[in-house]
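Down below is the structure, laid out as structure tokens.
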Amino acid sequence: MSLVPGDGEQRQAGLQRGARGPAVVALGGGHGLAATLGALRHLSQNLTAVVTVADDGGSSGRLRHELGVLPPGDLRMALSALCDDGEWGLTWRDVLQHRFVSDGPLNNHAVGNLLIVALWELLGNEVAGLDLVGRLLGVHGRVVPMAAVPLEIEAEVHSGESTCTVRGQYNVAVTPGRVERIRLIPEDPPACPEAVEAVRAADWVVLGPGSWYTSVIPHLLVPELAEALHATPARRALTVNLSAQVGETDGMTAADHVRSLHELSPGLRLDVVLADPSAVEDLDDLTEAAAACGAEVLLRQIGVGDGTARHDPLRLAAAYRDAFEGVLGDVDRSRQESAGE
């Protein structure tokens, strides 16, 4: 029996309009995408995670450079976020997330990264390998890469009176200064066909939260994927981060994030910009930036409420439910802030 899913299984693994909840595609990477998926799984099992493939650090970076494969780490995190919440799924999630600690070459390698890369080598098909891991975890949805080849991120970063070119996802994320321009290497990379298909078939597409220039924006730099994001009949939601990221987005307001997206892709229409009141410095400014994209602002408390920049999965799920159902009226800001104290 072949380990590669047949045509029927491949179709079944993709988005199914009207089945098991709305067809939702979430784009991003790392902890931000995991937070989104942890929330969306409360609303639908009809999910597809489209994951960035530019990671060049840690276990993923080592496997990428040694074997020439897509970096598996963000894909592993997305699969773990969608695992079945029974004993079987949670056990295999913990196996995937387990990291070795040693004085040898296995130190800090995640078991899931090794498993995913092994399946890629055995099957010769990245999406089929991810689908098989998904079956092992009993995932509620599907995880696919953003592009069919590993990518590098290169940015122009302005600091003080000088601008420097920074290459590599990790370096872009930690270099102090303001990112003025970003590009992918190779330019015009091929998109993963399953990612494009999922975006075109979606009811909702969700961008963010996450590392802005290294996990969210790159999706708009893959031509076929960007074209699908523009052409899809799906509604589009942008989730604003709970705080600026040290290095990558120092000094950027919530409105600045929305404007940077609009400047990169002025033809991309948004329907909803979701933000936590604690992360909004100037509501009028954010409302104006959202309106330029065709969107309304939805204010909801989506953080954990203890002052740390972490999303609460149930609060975020409730906010997405309001967005999907068109409940866009603002909550009372003072009551929200009091609830978080």
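FYI, the numbering for the sequence shown is 1 to 341, going by our numbering.
All C-beta atoms, glycine included, are put in the ideal place defined by N, C-alpha and C.
Fair warning: this is a prediction, and the values are worked out from it, not measured in the lab.
Taking all protein chains shown into account, do 16 or more other C-beta atoms lie within 10 angstroms of the C-beta of residue i, making it buried, or fewer, making it exposed?
i	result
Leu67	exposed
Val280	buried
Ser334	Only weak support exists for where Ser334 lies, its pLDDT of 43 falling under 50; the coordinates are left without a value.
Gly164	Correcting the residue type first, residue 164 is Cys in the shown sequence and not Gly. Counting Cβ neighbours within 10 Å, Cys164 comes out exposed, since fewer than 16 surround it.
Val101	exposed
Ala13	Because Ala13 sits at a pLDDT of 47, beneath the cut-off of 50, its placement in the model cannot be relied upon, and the point is left open.
Val348	The structure shown does not extend to residue 348, since the chain is modelled only from 1 through 341, so no value can be given for it.
Thr214	buried
Gly73	buried
Ala339	Low confidence applies here, because Ala339 scores a pLDDT of 44, under 50, leaving its location unreliable and the question unanswered by this model.
Thr249	buried
Pro266	exposed
Arg236	buried
Under 9 Å between the Cβ atoms of residue i and residue j?
i	j	result
Gly168	Asp56	yes
Pro313	Ala128	no
Val179	Val157	yes
His230	Val50	no
Leu33	Ala81	yes
Leu274	Val327	no
Ala254	Leu286	yes
Asp271	Glu296	yes
Ala23	Ala319	no
Leu96	Gly112	yes
Thr52	Gly29	yes
Glu126	Leu70	yes
Asn46	Gly141	yes
Ala147	Pro189	yes
Cys293	Leu268	yes
Arg181	Ala198	no
Along the chain, where does the beta strand (DSSP E) that runs through residue i open and close?
i	result
Glu187	From DSSP, Glu187 is part of no beta strand (DSSP E); its letter is neither H nor E.
Val206	Trp204 to Leu207
Ala237	Arg235 to Thr239
Gly349	This structure leaves residue 349 out entirely; the chain is present only between 1 and 341.
Ala244	That residue, Ala244, is in no beta strand (DSSP E); it is neither H nor E in DSSP.
Val272	Val272 to Ala275
Using DSSP bridges, identify the partner residues of residue i.
i	result
Glu162	It is worth fixing the name first, because residue 162 is Ser in this sequence and not Glu. In the DSSP output, where bridge partners are listed per residue, Ser162 has Ser159.
Pro218	The partner list for Pro218 (beta bridge, DSSP) is empty, contrary to what the question assumes.
Val51	Gly28 and Pro145
Arg181	Glu156
Gly347	This structure cannot settle anything about residue 347, because the visible part of the chain is limited to 1 through 341.
Arg167	Glu154
Using a Cβ-based criterion (distance less than 8 Å to any ligand heavy atom), does residue i qualify as near the ligand HEM?
i	result
Asp306	The ligand content of the structure shown is nil, which means the ligand HEM is not present either.
Go to residue i, then tell me how far its alpha helix (DSSP H) extends in each direction, as first and last residue.
i	result
Arg315	Pro313 to Glu325
Leu130	Glu126 to Leu137
Arg259	Ala254 to Leu264
Leu30	It should be pointed out that residue 30 corresponds to Gly in this sequence rather than to Leu. Per DSSP, Gly30 belongs to the alpha helix (DSSP H) from Gly30 to Leu40.
Glu288	Leu283 to Ala292
Val297	Not the alpha helix (DSSP H): Val297 falls in the beta strand (DSSP E), residues Glu296 to Leu299.
His98	His98 -> no alpha helix (DSSP H), and no H or E assigned at all.
Pro223	Pro223 to Ala231
Gly68	Taken as a continuous stretch (DSSP letters only), Gly68 belongs to no alpha helix (DSSP H), as it is neither H nor E.
Residue i and residue j look like a contact to me (Cβ under 8 Å); what is the Cβ gap, rounded to whole Å?
i	j	result
Arg300	Asp284	Not confirmed; about 18 Å, so no contact.
Val174	Ile153	In fact, because the Cβ distance is near 12 Å, the residues do not count as touching under 8 Å.
Leu130	Ile116	7 Å
Val133	Leu63	Their Cβ separation, rounded to whole angstroms, is 15 Å, which puts Val133 and Leu63 out of contact at 8 Å.
Ala191	Val143	Their Cβ separation, rounded to whole angstroms, is 15 Å, which puts Ala191 and Val143 out of contact at 8 Å.
Trp204	Gln245	With a Cβ gap of about 25 Å, Trp204 and Gln245 do not count as contacting.
Ala289	Arg259	5 Å
Ser159	Pro176	6 Å
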